[in-house]
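Asker:
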Amino acid sequence: MTPPTFDQLPETSRLRFRRFALRDESSVFEMFSDPYARRFYPEMADRSKARAWIEWNLHNYEQFGFGLWAVELKSSGSFIGDCGITFQEIEGKKELEIGYHVVYAARGNGYAKEAARACLCFAFRVLKAARVCSILRPENIASRAVARCIHSDCRKVLKRGRPALVFFTTLKEWEARLKSP
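For my numbering, add 27 to where a residue sits in the sequence shown, where the first one is 1.
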(Lines of atoms letter the chains of each structure in order from A and count residues from 1; the text may use other names and numbers.)
(Lines give C-alpha, C1' and ligand atoms only; values in the text may rest on other atoms or scores of the structure.)
Protein backbone atom coordinates (compact mmCIF):
# COMPACT_ATOMS: atom_id res chain seq x y z
CA MET A 1 0.00 0.00 0.00
CA THR A 2 1.31 3.44 -0.94
CA PRO A 3 1.14 5.94 1.93
CA PRO A 4 -0.87 9.09 1.37
CA THR A 5 1.03 12.19 0.38
CA PHE A 6 -0.24 15.58 1.35
CA ASP A 7 0.11 18.57 -0.95
CA GLN A 8 -0.13 20.91 1.99
CA LEU A 9 1.41 20.67 5.42
CA PRO A 10 0.11 22.64 8.38
CA GLU A 11 0.88 26.35 8.24
CA THR A 12 0.09 29.44 10.31
CA SER A 13 0.47 33.16 9.73
CA ARG A 14 3.92 33.05 11.39
CA LEU A 15 5.09 29.46 10.89
CA ARG A 16 5.99 27.25 7.94
CA PHE A 17 6.21 23.47 8.29
CA ARG A 18 8.46 21.30 6.13
CA ARG A 19 9.74 17.76 6.10
CA PHE A 20 12.98 17.13 7.95
CA ALA A 21 16.09 16.29 5.94
CA LEU A 22 19.41 14.80 7.06
CA ARG A 23 20.96 18.27 6.70
CA ASP A 24 18.90 19.28 9.78
CA GLU A 25 21.01 17.14 12.11
CA SER A 26 22.81 20.11 13.72
CA SER A 27 19.55 22.00 14.25
CA VAL A 28 17.91 18.99 15.87
CA PHE A 29 20.93 18.36 18.10
CA GLU A 30 20.87 22.02 19.16
CA MET A 31 17.11 21.89 19.84
CA PHE A 32 17.61 19.12 22.39
CA SER A 33 20.87 20.47 23.87
CA ASP A 34 19.78 23.08 26.41
CA PRO A 35 19.40 21.93 30.04
CA TYR A 36 15.57 22.05 30.06
CA ALA A 37 15.22 19.94 26.91
CA ARG A 38 18.02 17.61 28.00
CA ARG A 39 16.11 16.95 31.23
CA PHE A 40 13.35 15.26 29.21
CA TYR A 41 15.51 13.88 26.39
CA PRO A 42 18.87 12.91 27.97
CA GLU A 43 19.55 10.37 25.22
CA MET A 44 19.79 13.23 22.71
CA ALA A 45 23.17 14.25 24.20
CA ASP A 46 24.61 11.86 21.61
CA ARG A 47 24.72 13.58 18.20
CA SER A 48 24.06 10.27 16.42
CA LYS A 49 20.66 10.19 18.17
CA ALA A 50 19.71 13.43 16.38
CA ARG A 51 20.37 11.74 13.05
CA ALA A 52 18.45 8.62 14.11
CA TRP A 53 15.54 10.84 15.21
CA ILE A 54 15.47 12.49 11.76
CA GLU A 55 15.64 9.07 10.08
CA TRP A 56 12.68 7.94 12.22
CA ASN A 57 10.70 10.93 10.92
CA LEU A 58 11.74 10.22 7.32
CA HIS A 59 10.48 6.66 7.82
CA ASN A 60 7.19 8.01 9.20
CA TYR A 61 6.76 10.23 6.11
CA GLU A 62 7.33 7.21 3.86
CA GLN A 63 5.10 4.84 5.83
CA PHE A 64 2.24 7.14 6.89
CA GLY A 65 2.63 10.38 4.92
CA PHE A 66 3.16 12.42 8.10
CA GLY A 67 5.46 12.72 11.11
CA LEU A 68 7.14 15.48 13.06
CA TRP A 69 7.94 18.40 10.76
CA ALA A 70 10.60 21.08 10.98
CA VAL A 71 9.04 24.43 11.87
CA GLU A 72 10.49 27.70 10.58
CA LEU A 73 9.59 31.34 10.98
CA LYS A 74 8.08 32.67 7.76
CA SER A 75 9.64 36.07 8.40
CA SER A 76 13.25 34.83 8.48
CA GLY A 77 13.30 31.14 7.53
CA SER A 78 14.90 30.40 10.92
CA PHE A 79 14.46 26.90 12.31
CA ILE A 80 12.58 27.23 15.61
CA GLY A 81 11.70 23.61 16.37
CA ASP A 82 9.39 20.83 15.31
CA CYS A 83 5.76 19.90 15.56
CA GLY A 84 3.75 17.15 14.00
CA ILE A 85 1.84 13.94 14.34
CA THR A 86 3.10 10.44 15.05
CA PHE A 87 1.63 7.15 16.19
CA GLN A 88 2.33 6.37 19.85
CA GLU A 89 1.25 3.40 21.91
CA ILE A 90 -0.78 4.16 25.02
CA GLU A 91 -1.89 1.26 27.17
CA GLY A 92 -1.62 -1.17 24.25
CA LYS A 93 -3.49 1.04 21.80
CA LYS A 94 -2.10 3.07 18.86
CA GLU A 95 -2.98 6.75 19.16
CA LEU A 96 -2.25 9.77 17.00
CA GLU A 97 -0.09 12.13 19.03
CA ILE A 98 0.86 15.76 18.48
CA GLY A 99 4.43 16.36 19.59
CA TYR A 100 6.34 19.63 19.71
CA HIS A 101 9.76 20.97 20.67
CA VAL A 102 10.99 24.56 20.43
CA VAL A 103 14.62 25.74 20.43
CA TYR A 104 15.63 27.62 23.55
CA ALA A 105 16.01 31.03 21.84
CA ALA A 106 12.46 30.87 20.43
CA ARG A 107 10.60 29.83 23.58
CA GLY A 108 8.04 32.10 25.17
CA ASN A 109 6.58 33.39 21.89
CA GLY A 110 3.60 31.06 21.64
CA TYR A 111 5.11 29.08 18.75
CA ALA A 112 4.49 25.64 20.30
CA LYS A 113 0.82 26.40 20.94
CA GLU A 114 0.39 27.90 17.46
CA ALA A 115 2.08 24.95 15.76
CA ALA A 116 0.22 22.37 17.86
CA ARG A 117 -3.14 23.97 17.04
CA ALA A 118 -2.28 23.82 13.33
CA CYS A 119 -1.42 20.13 13.69
CA LEU A 120 -4.66 19.46 15.56
CA CYS A 121 -6.60 20.98 12.63
CA PHE A 122 -4.51 18.92 10.19
CA ALA A 123 -5.22 15.71 12.13
CA PHE A 124 -8.98 16.24 12.10
CA ARG A 125 -9.41 17.83 8.66
CA VAL A 126 -6.81 15.97 6.60
CA LEU A 127 -6.16 12.71 8.45
CA LYS A 128 -9.83 12.40 9.47
CA ALA A 129 -8.77 11.43 13.00
CA ALA A 130 -11.44 10.56 15.57
CA ARG A 131 -9.17 11.47 18.48
CA VAL A 132 -5.76 13.11 18.94
CA CYS A 133 -3.57 13.28 22.03
CA SER A 134 -0.34 14.69 23.43
CA ILE A 135 1.72 12.60 25.85
CA LEU A 136 4.06 14.27 28.30
CA ARG A 137 5.81 13.91 31.59
CA PRO A 138 3.95 15.61 34.46
CA GLU A 139 6.97 17.75 35.39
CA ASN A 140 7.22 19.27 31.90
CA ILE A 141 5.40 22.48 32.81
CA ALA A 142 5.85 24.19 29.43
CA SER A 143 4.40 21.25 27.50
CA ARG A 144 1.54 20.97 29.97
CA ALA A 145 0.61 24.60 29.32
CA VAL A 146 0.49 23.99 25.56
CA ALA A 147 -1.47 20.75 25.90
CA ARG A 148 -4.00 22.41 28.22
CA CYS A 149 -4.65 25.06 25.57
CA ILE A 150 -5.19 22.72 22.63
CA HIS A 151 -6.81 19.67 24.20
CA SER A 152 -10.12 19.07 25.98
CA ASP A 153 -9.26 16.49 28.63
CA CYS A 154 -6.40 14.78 30.45
CA ARG A 155 -5.73 11.49 32.18
CA LYS A 156 -2.79 9.86 33.94
CA VAL A 157 -1.10 6.77 32.47
CA LEU A 158 2.15 4.84 32.69
CA LYS A 159 4.38 5.21 29.63
CA ARG A 160 7.55 3.10 29.54
CA GLY A 161 7.08 2.44 33.25
CA ARG A 162 6.94 6.15 34.19
CA PRO A 163 4.02 8.41 35.07
CA ALA A 164 2.75 10.38 32.08
CA LEU A 165 -0.14 12.66 31.24
CA VAL A 166 -2.22 12.11 28.13
CA PHE A 167 -4.08 15.21 27.01
CA PHE A 168 -6.63 14.47 24.29
CA THR A 169 -9.37 15.87 22.10
CA THR A 170 -12.03 14.01 20.15
CA LEU A 171 -13.34 15.14 16.78
CA LYS A 172 -16.70 16.04 18.35
CA GLU A 173 -15.03 18.16 21.03
CA TRP A 174 -12.91 19.93 18.43
CA GLU A 175 -15.94 20.62 16.20
CA ALA A 176 -17.90 21.98 19.19
CA ARG A 177 -14.98 24.26 20.08
CA LEU A 178 -14.92 25.63 16.53
CA LYS A 179 -18.63 26.49 16.74
CA SER A 180 -18.46 28.23 20.12
CA PRO A 181 -17.91 32.01 20.19
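From the three backbone atoms N, C-alpha and C, an ideal C-beta is built for every residue, glycine too.
Keep in mind that this is a model prediction, so the values were computed, not measured.
With glutamate 89 as the anchor, note down where its alpha helix (DSSP H) starts and where it stops.
Answerer: Where glutamate 89 is concerned, the enclosing alpha helix (DSSP H) stretches over 74 to 91.
Asker: Given that a residue counts as buried once 16 or more other Cβ atoms are within 10 Å of its Cβ, and exposed if not, what is methionine 28?
Answerer: Here the model assigns methionine 28 a pLDDT of 41, short of 50, so the residue's position is not dependable and the matter cannot be decided.
Asker: Report the option in Leu192, Arg134, Phe106 whose CA atom is closest to the CA atom of arginine 171.
Answerer: Checking every option, the nearest Cα to that of arginine 171 belongs to Leu192.
Asker: Scan the region 113 to 157 and note each continuous alpha helix (DSSP H) run of 4 residues or more that stays entirely inside, going in chain order.
Answerer: Entirely contained in the region 113 to 157, the alpha helix (DSSP H) runs reaching 4 residues are, in chain order, 138 to 152.
Asker: Flag this pair as yes or no: are the beta carbons of phenylalanine 194 and arginine 164 separated by less than 8 angstroms?
Answerer: Contact flag unset, no.
Asker: Taking contact to mean at least 3 C-beta pairs separated by less than 8 angstroms, is the region 76 to 89 in contact with the region 137 to 154?
Answerer: No: fewer than three Cβ pairs fall under 8 angstroms.
Asker: Tyrosine 210: buried (16+ other C-beta within 10 angstroms of its C-beta) or exposed?
Answerer: Nothing can be reported for residue 210, as the shown portion of the chain is limited to 28 through 208.
Asker: Applying the 10 Å Cβ sphere with the 16-neighbour rule, what's the burial state of proline 37?
Answerer: The residue in question, proline 37, is buried, as its Cβ has 16 or more Cβ neighbours within 10 Å.
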